[in-house]
Structures are given as C-alpha cells and as structure tokens.
Amino acid sequence: MHQTEYIGYAAGIITTLALFPQALKILSTRHTRDISLIWALAMNAGIILWLLYGIAQNDLPMIAANGCSLILLMIILLLKLRYG
1 MHQTEYIGYA AGIITTLALF PQALKILSTR HTRDISLIWA LAMNAGIILW
51 LLYGIAQNDL PMIAANGCSL ILLMIILLLK LRYG
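When we follow the working numbering, the leftmost residue of the sequence shown carries the number 1, and every step to the right adds one.
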C-alpha cells in the first residue's frame, strides 16, 4: 500500500464519521427541520458520483469511504423525508 492510500483512508474515515452525529441526532430527536432537503439530495448525488469514480479508478479507499458515506447519507435523506 502506498503512503498516499493512508491519506485516502484517513480522509474517508474522518468524513464518514462526521455524518454519524447528525444521523444519531435525527434518530434521537425525530426533527429534521434544520436539514436542507436540497443539501441532502446534492450530497447523495455527489457521493454517488465519487463512488462511481472510485470504482472506475479501482481506488479502494475512495470506494470504501464513499460507500460508507452513501449509506449514512441515504439514512439521513430517508429520515428527512420521513420527519420532514
């Protein structure tokens, strides 16, 4: 593994973990008023594109990070749609 891959994994872990507090807060409060639907849709679209790019480049850190991020962002989007 090249040293730059460690940077990719670190970035992926940090950015993915950054989504956990938001998802947990929504689950505990059942409130999503302060979350923009446009933001949630745009983030999901962007992460899907990054994931596809990672797959095309065969870039495992990018695939792993964006795959995990997409799961969390989809949860946030679904909760936004459910709790409005």
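Ideal placement from N, C-alpha and C gives every residue a C-beta, glycine not left out.
Among the options, whose alpha-carbon lies nearest the alpha-carbon of residue i?
i          : options         : result
residue 83 : 72, 28 and 61   : 28
residue 64 : 56, 36 and 12   : 12
residue 42 : 9, 24, 74 and 6 : 74
Between residue i and residue j, how many whole angstroms is the CB-CB distance? I'm expecting something under 8 Å.
i          : j          : result
residue 78 : residue 47 : Wrong, their Cβ atoms sit about 14 Å apart, outside the cutoff.
Use the C-beta contact count for residue i: other C-beta atoms within 10 angstroms, 16 or more gives buried, fewer gives exposed.
i          : result
residue 14 : exposed
Where does residue i fall in DSSP's three states?
i          : result
residue 58 : coil
residue 16 : helix
residue 36 : coil
Using only the alpha-carbon positions, how far apart do residue i and residue j sit?
i          : j          : result
residue 22 : residue 39 : 13 Å
residue 1  : residue 31 : 42 Å
residue 67 : residue 51 : 6 Å
residue 58 : residue 9  : 14 Å
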